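Below: the structure, in structure tokens.
In my numbering, the protein residues as written are 63 to 271.
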């Protein structure tokens with residue numbers, strides 16, 4: 063299970079102005095804001111953006127200035143793979159260390175959508191044990207119970223992080239992960255496809271335009 067919420071795309075106008083700096087071609091810019099306050103790339107700017115995007119990382123530096131902020135809720139086994147992307151990413155997460163004991167454990171806290179009936183029944187015993195330990199910790203504040211929770215916590219436990227990335231990083235993620243065996247990566251790549259001008263600026267190897 064992976065959920066994407068509260069998506070913001072920022073700095074497209076400034077990034078495109080910077081893309082025109084090398085040739086001082088600002089007078090050819092034809093982008094504008096629509097009635098909803100969204101920045102729309104004009105024909106000239108979109109053409110330049112697409113050419114630079116396909117010319118290689120040295121030429122598409124402007125993509126590193128198109129910023130994304132998004133809240134992602136995903137299991138820890140997915141975050142372990144996401145953490146490969148350390149360049150040009152920032153994430154603030156909900157705290158397992160400080161808040162793991164603050165609410166009752168339930169199935170909703172975990173990604174269990176692939177478990178069969180027998181495995182789900184077994185997992186319910188894990189949830190029950192974690193809840194038992196949580197109650198003992200909240201009652202006694204004995205750190206041993208807290209350690210038991212942390213070290214028994216399954217990798218299917220869901221965590222929400224507020225992530226900041228840029229379009230260049232999303233190119234790397236999309237092409238490295240779109241064929242991954244984890245369905246969570248397919249969900250994340252589907253999210254990437256919904257971003258403004260994703261087909262033109264991110265999915266640059268999918269077709270020749």
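For each residue, glycine too, the CB sits at the ideal point set by N, CA and C. Because the structure is a prediction, the values reported are computed rather than measured.
query                                                                                                    : result
Cβ-based burial, residue 145 [other Cβ within 10 Å; buried from 16]                                      : exposed
Alpha carbon of residue 186 to alpha carbon of residue 169, nearest angstrom                             : 8 angstroms
CA-to-CA distance, residue 175 to residue 117, given in whole angstroms                                  : 41 angstroms
Three-state class that DSSP yields for residue 69 in the structure shown                                 : strand
Span of the beta strand (DSSP E), counted from its first residue to its last, around residue 106         : First-last for residue 106: 105-116, but that is the alpha helix (DSSP H), not the beta strand (DSSP E).
Pairwise C-alpha distance: residue 171 and residue 163                                                   : 12 angstroms
Helix, strand or coil at residue 185 according to DSSP, with G and I counted as helix                    : helix
Under the three-state DSSP convention, the category residue 63 falls into                                : coil
Cutoff 8 angstroms: residue 183 Cβ touching any chain D Cβ                                               : You won't find chain D in this structure, because it holds only one protein chain.
Start and end residues, beta strand (DSSP E) containing residue 222                                      : 220-228
Given 8 angstroms, three or more beta-carbon pairs between the region 206-213 and the region 120-127     : no
Cβ-based burial, residue 92 [other Cβ within 10 Å; buried from 16]                                       : exposed
Residue closest to residue 181, alpha-carbon to alpha-carbon, out of 218, 165, 229, 99                   : 218
Exposure of residue 160, with buried meaning 16 or more beta-carbon neighbours within 10 Å               : Residue placement at residue 160 cannot be trusted, given a pLDDT of 49 that sits under 50; what the coordinates show is reported in the next sentence. Residue 160 is exposed by the Cβ-count criterion.
Residue 197 versus residue 206 - alpha carbon distance                                                   : 13 angstroms
Residue environment, residue 268, which counts as buried when at least 16 other CB atoms sit within 10 Å : exposed
Minimum C-alpha distance to residue 109 - residue among 81, 244, 246                                     : 81
Contact under 8 angstroms by Cβ, residue 66 with residue 134                                             : yes
Buried versus exposed, by CB contacts within 10 Å (16 or more), residue 69                               : exposed
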